[in-house]
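Chains as they are written, first to last, in this note's numbering: chain A, 14 to 256; chain B, 3 to 147.
Spelled out as structure tokens, the structure:
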């Protein structure tokens with residue numbers, strides 16, 4: 014008689030149809046007669062089905078604009094890699110780079126500064142030795158950098174908004190308005206409860222969205238400057254998705 | 003790997019693909035070629051981070067887990083729960099599960115990408131699935147003890 018323990022070591026390959034015909038037949042006979050192994054097989058098939066539908070995580074729209082911009086730069090300069098951007102655009106790209114770095118710093122400090130096994134410390138369970146204070150200080154610094162980067166991006170975007178279609182400009186203002194409301198609400202929530210994980214998550218998500226919208230705006234302005242209507246259309250669609 | 007890191011690697015991948023498009027010979031579908039390029043870029047990135055890639059390699063040779071409790075224990079699996087449970091897997095098992103069950107690669111392709119045997123890929127997938135089954139319904143393993 015086939016032991017369940019032996020059968021279950023082969024159930025993964027059985028579920029994937031990878032067994033030789035004779036072995037497949039033996040396991041099939043066992044699974045039909047054994048409720049336990051049949052249940053395990055059912056679980057494995059359910060896992061496979063769910064995993065298949067996990068799907069991909071779509072990248073933000075502005076990413077395609079940045080890739081297209083860098084490829085276009087390399088084509089114009091005839092170099093294998095993107096050339097140094099013009100002085101007017103360098104400032105915008107510097108701030109985009111800084112924003113990406115800020116996101117990485119914030120993510121690293123907040124999400125990876127603690128191990129998965131450790132929950133976020135509350136006021137009652139804060140770790141001794143000031144380690145939570147260090148994290149809080151780092152987060153405060155990260156927020157200050159965010160604010161400065163957003164201010165610079167707004168300057169870069171705002172200086173040339175006059176070139177933008179009025180309808181697009183109005184959409185942009187509405188988007189930024191709703192994001193700014195979310196930022197204000199999250200900051201207020203954090204002020205009243207500094208240890209609130211959801212408020213912190215909400216604030217950083219809103220800051221991330223604002224940076225993304227501003228990045229897409231700068232990309233749109235660049236596309237319009239280059240006289241690329243198709244690129245500008247894609248950028249506007251990207252702004253719509255970011256909002 | 004965080005989202006920003008993933009976005010940076012995505013940019014690098016497409017810029018590299020643009021530079022190397024002349025090397026694409028049509029032996030596989032363009033999507034497959036891009037996928038391999040992206041996977042190799044990610045693996046190289048992991049190798050450059052101290053300790054992370056060694057964990058990926060070490061996990062691939064671990065013993066299979068003992069048989070877990072029997073009978074169906076999983077109901078409808080919430081996608082978020084599965085994503086969370088994935089983070090509890092050892093790096094090697096998680097990598098194989100994602101490549102095979104999520105991305106749909108065959109064991110031959112997984113083995114080639116990771117530089118291991120097909121047998122190792124199959125055993126790691128088996129390990130991943132049973133650990134996920136346990137993680138998604140821990141009461142089942144408690145009842146079996």
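In this text, a Cβ means the ideal position worked out from N, Cα and C, and glycines have one as well. Since the structure is predicted, the reported quantities are computational estimates derived from the model, not experimental observations.
Chain B within 8 Å of residue i, Cβ atoms only
i, result
"residue 230 of chain A", "no"
"residue 205 of chain A", "no"
"residue 55 of chain A", "yes"
"residue 26 of chain A", "yes"
"residue 80 of chain A", "yes"
"residue 60 of chain A", "yes"
"residue 84 of chain A", "yes"
"residue 32 of chain A", "no"
"residue 210 of chain A", "no"
"residue 67 of chain A", "yes"
"residue 52 of chain A", "yes"
"residue 162 of chain A", "no"
"residue 64 of chain A", "yes"
CB contact flag (residue i, residue j, <8 Å)
i, j, result
"residue 76 of chain B", "residue 26 of chain A", "no"
"residue 257 of chain A", "residue 196 of chain A", "Residue 257 of chain A falls outside the range modelled here, since chain A spans only 14 to 256, and no answer is possible."
"residue 127 of chain B", "residue 115 of chain B", "no"
"residue 59 of chain A", "residue 79 of chain B", "yes"
"residue 26 of chain B", "residue 17 of chain B", "no"
"residue 1 of chain B", "residue 130 of chain B", "Outside the shown range of chain B (3 to 147) lies residue 1 of chain B, about which nothing can therefore be said."
"residue 67 of chain A", "residue 84 of chain B", "yes"
"residue 20 of chain A", "residue 41 of chain A", "no"
"residue 10 of chain B", "residue 43 of chain B", "no"
"residue 209 of chain A", "residue 203 of chain A", "yes"
"residue 19 of chain B", "residue 45 of chain B", "no"
"residue 123 of chain B", "residue 109 of chain B", "yes"
Contact with chain A by residue i, beta-carbon distance below 8 Å
i, result
"residue 85 of chain B", "yes"
"residue 47 of chain B", "no"
"residue 22 of chain B", "no"
"residue 38 of chain B", "no"
"residue 131 of chain B", "yes"
"residue 25 of chain B", "no"
"residue 98 of chain B", "no"
"residue 118 of chain B", "no"
"residue 13 of chain B", "yes"
"residue 127 of chain B", "yes"
"residue 104 of chain B", "yes"
"residue 93 of chain B", "no"
"residue 76 of chain B", "yes"
"residue 134 of chain B", "yes"
"residue 81 of chain B", "yes"
"residue 101 of chain B", "no"
"residue 17 of chain B", "yes"
Where residue i sits in the DSSP three-state scheme
i, result
"residue 47 of chain A", "coil"
"residue 126 of chain B", "helix"
"residue 207 of chain A", "coil"
"residue 105 of chain B", "coil"
"residue 159 of chain A", "helix"
"residue 139 of chain B", "coil"
"residue 80 of chain B", "coil"
"residue 22 of chain A", "coil"
"residue 33 of chain A", "coil"
"residue 67 of chain A", "coil"
"residue 33 of chain B", "helix"
"residue 179 of chain A", "helix"
"residue 50 of chain B", "helix"
"residue 118 of chain B", "coil"
"residue 143 of chain A", "Model confidence at residue 143 of chain A stands at a pLDDT of 49, short of 50, so the residue's coordinates are unreliable and nothing is read from them."
"residue 16 of chain A", "coil"
Option in the options with minimal Cα separation from residue i
i, options, result
"residue 87 of chain B", "B:78, B:116, B:42 and B:138", "B:138"
"residue 212 of chain A", "A:18, A:199, A:222 and A:154", "A:199"
"residue 30 of chain B", "B:123, B:116, B:111 and B:130", "B:111"
"residue 74 of chain B", "A:49, A:67, A:153 and A:216", "A:49"
"residue 157 of chain A", "A:216, A:20 and A:234", "A:216"
"residue 24 of chain A", "A:53, A:38 and A:42", "A:53"
"residue 225 of chain A", "A:43, A:18 and A:185", "A:185"
"residue 190 of chain A", "A:210, A:227, A:203 and A:47", "A:227"
"residue 167 of chain A", "A:154, A:207, A:206 and A:229", "A:229"
"residue 223 of chain A", "A:161, A:46, A:234 and A:201", "A:161"
"residue 84 of chain A", "B:12, B:104, B:7 and B:21", "B:21"
"residue 12 of chain B", "B:123, B:41 and B:24", "B:41"
"residue 104 of chain B", "B:122, B:125 and B:81", "B:81"
"residue 17 of chain A", "A:183, A:192 and A:43", "A:43"
"residue 182 of chain A", "A:205, A:231, A:206 and A:154", "A:231"
Per-residue contacts from residue i into chain D (C-beta, under 7 Å)
i, result
"residue 186 of chain A", "Checking the listed chains, one finds no chain D in this structure; the protein chains it contains are A and B."
Do the segment 30–50 of chain B and the segment 28–35 of chain A touch if we need at least three Cβ pairs shorter than 8 Å? no
Should the segment 132–140 of chain B be called in touch with the segment 90–109 of chain B, which here means at least 3 C-beta pairs below 8 Å? yes
Using 8 Å as the Cβ pair cut-off and three pairs as the minimum, do the segment 32–42 of chain A and the segment 60–68 of chain A touch? no
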